[in-house]
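Undergrad:
Protein chains: 2
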Amino acid sequence: MEHLKISSAQRIIFESIKVLDTEPVLLEHSLGRVLAEDILANRDLPPYDVSAMDGFAVRSCDLTATPATLEIIEDIKAGDMPGKTVRAGQCSRIMTGAPLPQGADAVIRVEDTLALPADTVQIIVSVKTRHDVRPKGENMRNGDVVIGKGTEITPGVIGILATVKAAKMQVYRRPRVAILSTGNELEAMNDPVDPNKIPDSNTYALMAQVQALGIQPALLGIARDDPAELEQYLKLGLEYDVLLVSGGTSVGVHDYVRPTIEKLGVSMKFWRVAMKPGHPLAFGVLQCTTTHANTAPDAFVFGLPGNPVSSMVCFEEFVAPALRRMMGNPRLFRRTVTARLAHPVKIRPGRTEFIRVQLTQDDAGYLASSTGTQSSGVLLSMARADGLMVMPAEGTGLAAGAQVTVQLLDGTAFQNDINFRE
Amino acid sequence: MEHLKISSAQRIIFESIKVLDTEPVLLEHSLGRVLAEDILANRDLPPYDVSAMDGFAVRSCDLTATPATLEIIEDIKAGDMPGKTVRAGQCSRIMTGAPLPQGADAVIRVEDTLALPADTVQIIVSVKTRHDVRPKGENMRNGDVVIGKGTEITPGVIGILATVKAAKMQVYRRPRVAILSTGNELEAMNDPVDPNKIPDSNTYALMAQVQALGIQPALLGIARDDPAELEQYLKLGLEYDVLLVSGGTSVGVHDYVRPTIEKLGVSMKFWRVAMKPGHPLAFGVLQCTTTHANTAPDAFVFGLPGNPVSSMVCFEEFVAPALRRMMGNPRLFRRTVTARLAHPVKIRPGRTEFIRVQLTQDDAGYLASSTGTQSSGVLLSMARADGLMVMPAEGTGLAAGAQVTVQLLDGTAFQNDINFRE
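Protein sequences, first through last, are from chains B and H. Residue 226 in the working numbering sits at position 226 of the first sequence, and the numbers go up by one each step. Plus 422 on top of the position in the second sequence (first one is 1) and you've got the working numbering.
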């Protein structure tokens, strides 16, 4: 049986899945979604040349010699239109964002002035024309595309959407995801503790991984090792866009998932990937055969390992990129950082290995240390991890100090120390 | 007027705020929250020595010479208890996670065997004792603290919580946050377009920044430049744990926020920080004076700049760390990466400058390029940014190729290319 390279398996997945259809969403609920339409500017912004500072609108030619005393002829608040033209020896008091009056060509900030009696002000500094003036249309010009289709909606993008008053916009819809655990040995959350059983952690770890992508999955529960029961559950799961099945996909004689899933019409694309942890990993497609108007979309099945760490790592490498692709996101893969290895690591060559690591920072950058035993049964190694360190398949290991690539896991968008020089 | 260093301003904030009280949350809703209690193991896991593979439980001493043919005496599924003792020349078929039978001391995976007729199997490889056996209690021992108070609940942590069947747990509560924009020049989302006005983007950009931390803020709207109206709005805002006010806090004569907020009993801790963008930035505390049993918690006010980029940068550097501290999170600051500067950058010395950059990756690591004009009025520079590049206050700039620190912004937890070697 062939063991695929990770990139080959990902290519097969990406060739099968498509970006989903679109739906409208309110601005208030749009964070993290991906735009399915271009967003156009609805005005010039700023609509005029405006002041970039609180201060005084001046003629720069009046300030060739400073200090210079100028007469204040008007008081222009943000939101006001100026009424008077600034002439030689004059200025207008102006607020940030207020339109520049006729005659003026620069702004002096209030900190560079001294207030004098009788509506006059002393200007301390000389400036060039356009100083602290934001030109008309600097931010955006009416009708221009300000944010393109395919952009992930971040807080900065939401600021732009609010600027063009897009209260509602089209985004790609989220996939509907179902999660199923399989195996007689599993104990459900509400079952009493039985030392002969293993608590079902995969349902909840996968739930959280799906939630972290902004999707609320359906938890189907646990299917026992019985072909009829399994078929019922798998049938239900295939009504979703994506079904995640953990356990039951290896070659043991009690594993019914593969034959049952194929019986239901799913075409399996692969069963093995050359990675550790992550054995076995399967991917299949149930192609829609309906010819009616309301065609159901294709369903995709990921068969994940029963081991909790293996299941989580496979999710990160294959399921998360697939779900993000379906939501239209161009960024599919976990953010990577370069780190130095804190200790030597030995591996068996021939498959890519993911070591769970904690990251610390020193003057030379990131340092990666194993979170402890790397047995795929030990979920604590995952719970304590900041990232997955990638050990390439060639070679038998790396020495302490070697440069390694680490994929950052959820929870690492923030760090303990600010770690920059002021 | 003193301009504080960023770290000094942060220290003042951290000295004022406290971690909030706790509340129970269901496992299904716990992602991203911070544990306010230690979580204990409720059993030994695994409860016995178990198989790490699908294969055969053997006596390693039977395999000193291989291939060796063994009699299969039993079939042990996960969830079953073994009934027979493995003696010389015998083995039991065993599934991953099933208890090791008496007599056996190692597991041979099915791939290293050949099936023979009449309930016998040929074993191809020799193994040491304990090979592919996961010892009792390897994952956790009954009564041990498996996840400590103060841990952020990531998907891996949720896997552990499910393992010990913690369906509900105590977490630190989220702060209640209110957002207020100020200024006559602002146009609300539902107002008709008026070229003399500026659309209120700060309300929504701040909303999204707060949402990205898992908090749903209250949007109070826009207070006009009128002391009475402003007082009404500020009074309402101070009923929340944290009030974010953007605009109206500079030294212009029309800025009423400072006197009004002080009139309402808020003690202002600082007004100026030596950073760009970010001018002016204020922080104040309304200390609870009630002596009754049900004391309201203190309220904290951040006065943010009216400029949209400045407001967002100040949120990242001061408000986000404060909100995360209130939620009990030990990780307060944006994740940083080291990058090379793609082009020279000039700055004015004396204040820390944050340049909005896009990040690309090549063989030598991250490359940072400015997103365009760094005017604090140009929100597109923020919408396009992957991160904030930090320019230290000393010096007048950096040459192309210089090593810089970049804080990663929301949307960057994933990247375009997988960027590791298999």
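C-beta atoms are modelled at their ideal positions from N, C-alpha and C, and glycine is treated no differently.
Counting only beta-carbon separations shorter than 8 Å, does SER201/B have a partner in chain H?
TA: Position 201 of the first sequence, counted from the first residue, corresponds to residue 201/B. So, interface residue.
Undergrad: For PRO668/H, would you say it is in contact with chain B, using Cβ-to-Cβ distances shorter than 8 Å as the test?
TA: As a working mapping, residue 668/H is identified with position 246 in the second sequence. With the sequence shown as reference, residue 668/H is identified as Ser, and Pro is not the correct amino acid for it. No, SER668/H lies away from the interface with chain B (no Cβ there is under 8 Å from its Cβ).
Undergrad: Could you please tell me which residues of the stretch 393-422 of chain B, in chain order, have their CB closer than 8 Å to any CB of chain H?
TA: For the stretch 393-422 of chain B, which is checked against every Cβ of chain H, the residues closer than 8 Å are ALA393, THR405, GLN407, LEU408, LEU409, ASP410, GLY411, THR412, ALA413, PHE414, GLN415, ASN416, ASP417, ILE418, ASN419, PHE420, ARG421 and GLU422.
Undergrad: Starting from GLU353/B, find everything on chain H with Cβ-Cβ shorter than 8 Å and list it in chain order.
TA: Here residue 353/B is taken as the residue at index 353 of the first sequence, counted from 1. By Cβ distance, chain H contributes nothing, its closest Cβ being about 10 Å from GLU353/B, past 8 Å.
Undergrad: What are the partner residues of CYS91/B, as DSSP defines its beta bridges?
TA: Along the first sequence, read from residue 1 onward, the residue named residue 91/B stands at position 91. Paired residue(s): ILE72/B.
Undergrad: With 9 Å as the C-beta to C-beta threshold (strictly closer), list the residues of the stretch 76-88 of chain B near chain H in chain order.
TA: Against chain H - using a Cβ distance shorter than 9 Å - the residues of the stretch 76-88 of chain B are LYS77, ALA78, GLY79, ASP80 and MET81.
Undergrad: Is the number of C-beta pairs between the stretch 146-157 of chain B and the stretch 33-45 of chain B that are closer than 8 Å three or more?
TA: Touching, yes.
Undergrad: One question on the structure: do ASN419/B and THR774/H come within less than 8 Å of each other, judged by their Cβ atoms?
TA: Here residue 419/B refers to the residue found at position 419 of the first sequence. Here residue 774/H refers to the residue found at position 352 of the second sequence. No.
Undergrad: Run through chain B and tell me which residues come within less than 7 Å of MET611/H, C-beta to C-beta.
TA: As a first step, residue 611/H must be located in the second sequence, where it is residue number 189. Going along chain B in sequence order, the residues near MET611/H (Cβ under 7 Å) are ALA162, LYS165 and ALA167.
Undergrad: Here's a check: name, in chain order, each residue in its chain whose Cβ is nearer than 8 Å to the Cβ of SER92/B, leaving out the five neighbours to either side.
TA: The count along the first sequence starts at 1 and reaches residue 92/B at position 92. Same-chain partners within the cutoff: PHE56, ALA57, ILE72, ILE73, GLU74, ASP75, ILE76, PRO82, LYS84, VAL86, PRO101 and ALA104.
Undergrad: Who are the Cβ neighbours of ALA786/H in its own chain at under 8 Å, not counting the five residues just before and after it?
TA: For the purposes of this step, residue 786/H is taken as residue 364 along the second sequence, with counting starting at 1. Same-chain partners within the cutoff: ARG762.
Undergrad: Assuming ILE545/H is part of the beta strand (DSSP E), what are its boundary residues?
TA: Here residue 545/H is taken as the residue at index 123 of the second sequence, counted from 1. Counting along the chain, the beta strand (DSSP E) containing ILE545/H begins and ends at 542-545.
Undergrad: Excluding five sequence neighbours on each side, which residues of the same chain lie with their C-beta closer than 8 Å to the C-beta of THR373/B?
TA: Locating residue 373/B in the first sequence gives position 373, where the first residue counts as 1. The answer, listed in chain order, is SER381.
Undergrad: Between ARG421/B and the ligand MN, is there a pair consisting of the residue's CB and a ligand heavy atom that are separated by less than 7 Å?
TA: Inclusion of the ligand MN in the displayed structure is not the case, the ligand content being empty and no account of it being possible.
Undergrad: I need the boundaries of the alpha helix (DSSP H) containing TYR366/B, first residue and last residue.
TA: Taking the first sequence and counting its residues from 1, one reaches residue 366/B at position 366. Taken as a continuous stretch (DSSP letters only), TYR366/B belongs to no alpha helix (DSSP H), being part of the beta strand (DSSP E) at 365-370.
Undergrad: Counting only beta-carbon atoms, is CYS372/B nearer than 8 Å to chain H?
TA: On the first sequence, residue 372/B is found 372 positions in, with the first residue counted as 1. It should be pointed out that residue 372/B corresponds to Gly in this sequence rather than to Cys. Cβ-Cβ to chain H under 8 Å: no for GLY372/B.
Undergrad: Pull out every residue of the stretch 556-580 of chain H whose Cβ sits closer than 9 Å to any Cβ of chain B, in chain order.
TA: From the stretch 556-580 of chain H, only ARG556, GLU560, ASN561, MET562, VAL568, ILE569, THR573, GLU574, ILE575, THR576, PRO577, GLY578, VAL579 and ILE580 have a Cβ closer than 9 Å to chain B.
Undergrad: Count the C-beta pairs between the stretch 211-226 of chain B and the stretch 276-283 of chain B that are closer than 8 Å, then say yes if the count reaches three, no if not.
TA: Taking 8 Å as the limit for Cβ pairs, the verdict is that the stretch 276-283 of chain B does not touch the stretch 211-226 of chain B.
Undergrad: Measuring alpha carbon to alpha carbon, tell me which of ARG598/H, LEU745/H, LYS550/H and SER438/H ends up nearest ASP663/H.
TA: For the purposes of this step, residue 663/H is taken as residue 241 along the second sequence, with counting starting at 1. Checked all of ARG598/H, LEU745/H, LYS550/H and SER438/H; the closest Cα to ASP663/H is ARG598/H.
Undergrad: How is ASP362/B classed by DSSP in three states: helix, strand or coil?
TA: Walking along the first sequence from the start, residue 362/B turns up at place 362. ASP362/B falls in the strand class under three-state DSSP.
Undergrad: Can you list, in chain order, the stretches of the beta strand (DSSP E) that have 3 or more residues and sit fully within the stretch 655-706 of chain H?
TA: Qualifying beta strand (DSSP E) stretches, in chain order: 664-668 and 689-692.
Undergrad: Could you have a look at PHE354/B and say whether DSSP puts it in helix, strand or coil?
TA: Stepping through the first sequence from its first residue, residue 354/B is reached at position 354. Three-state DSSP puts PHE354/B in a strand.
Undergrad: For a cutoff of 8 Å on Cβ pairs, would you count LEU801/H as touching chain B?
TA: In the second sequence, residue 801/H corresponds to position 379, counting from 1. With 8 Å as the cut-off, LEU801/H counts as an interface residue toward chain B.
Undergrad: Using the rule of at least 16 other Cβ atoms within 10 Å of the residue's Cβ for burial, across every protein chain shown, is ALA115/B buried or exposed?
TA: In the first sequence, counting from the first residue as 1, residue 115/B sits at position 115. So ALA115/B ends up on the exposed side.
Undergrad: Among the candidates LEU628/H, MET748/H, GLY728/H and THR818/H, whose CA atom is the shortest distance from the CA of PRO766/H?
TA: As a first step, residue 766/H is located in the second sequence; it is residue number 344 there, counting from the start. When each option's Cα is compared against that of PRO766/H, the closest is THR818/H.
Undergrad: Would you list the one or two residues that DSSP bridges to PHE56/B?
TA: What you label residue 56/B is simply residue 56 of the first sequence in a count that begins at 1. ARG93/B and ILE108/B.
Undergrad: Could you tell me which residues DSSP puts in a beta bridge with VAL404/B?
TA: Locating residue 404/B in the first sequence gives position 404, where the first residue counts as 1. Its beta-bridge partners are ALA339/B.
Undergrad: The beta strand (DSSP E) with GLN170/B in it runs from where to where?
TA: Taking the first sequence and counting its residues from 1, one reaches residue 170/B at position 170. It spans 168-172 - the beta strand (DSSP E) in which GLN170/B sits, taken as one unbroken run.
Undergrad: For SER732/H and ASN618/H, I'd like the C-alpha separation in whole angstroms.
TA: As a working note, residue 732/H is residue 310 in the second sequence. As a working note, residue 618/H is residue 196 in the second sequence. Going by the C-alpha atoms only, they are around 22 Å apart.
Undergrad: For ARG335/B, which residues in chain H fall below 8 Å Cβ to Cβ?
TA: Here residue 335/B refers to the residue found at position 335 of the first sequence. Here the neighbours are LEU830, THR834, ALA835, PHE836 and GLN837.
Undergrad: Give the straight-line distance between the Cα atoms of GLU844/H and ALA9/B, rounded to the nearest whole angstrom.
TA: Numbered from 1 along the second sequence, position 422 holds the residue referred to as residue 844/H. Numbered from 1 along the first sequence, position 9 holds the residue referred to as residue 9/B. The straight-line gap from Cα to Cα measures roughly 12 Å.
Undergrad: Against VAL426/B, what residues of chain H qualify as contacts under a CB-to-CB distance less than 8 Å, listed in chain order?
TA: Chain B is shown from 1 up to 422; residue 426/B falls before or after that span and cannot be answered.
Undergrad: Of all Cβ atoms in chain H, is any one closer than 8 Å to the Cβ of LYS5/B?
TA: Reading the first sequence from its first residue, position 5 is the one you call residue 5/B. Output row for LYS5/B: interface = yes.
Undergrad: Quick one: does GLY365/B have its CB under 8 Å from some CB of chain H?
TA: Walking along the first sequence from the start, residue 365/B turns up at place 365. Interface residue, yes.
Undergrad: If we cut at 8 Å on Cβ distances, does SER514/H have a partner in chain B?
TA: Counting from one through the second sequence, the residue named residue 514/H turns up at place 92. No - not a single Cβ of chain B is within 8 Å of the one on SER514/H.
Undergrad: With a cut-off of 8 Å, does the C-beta of SER797/H fall near any C-beta of chain B?
TA: The sequence position of residue 797/H within the second sequence is 375, counting from 1. Closer than 8 Å: yes.
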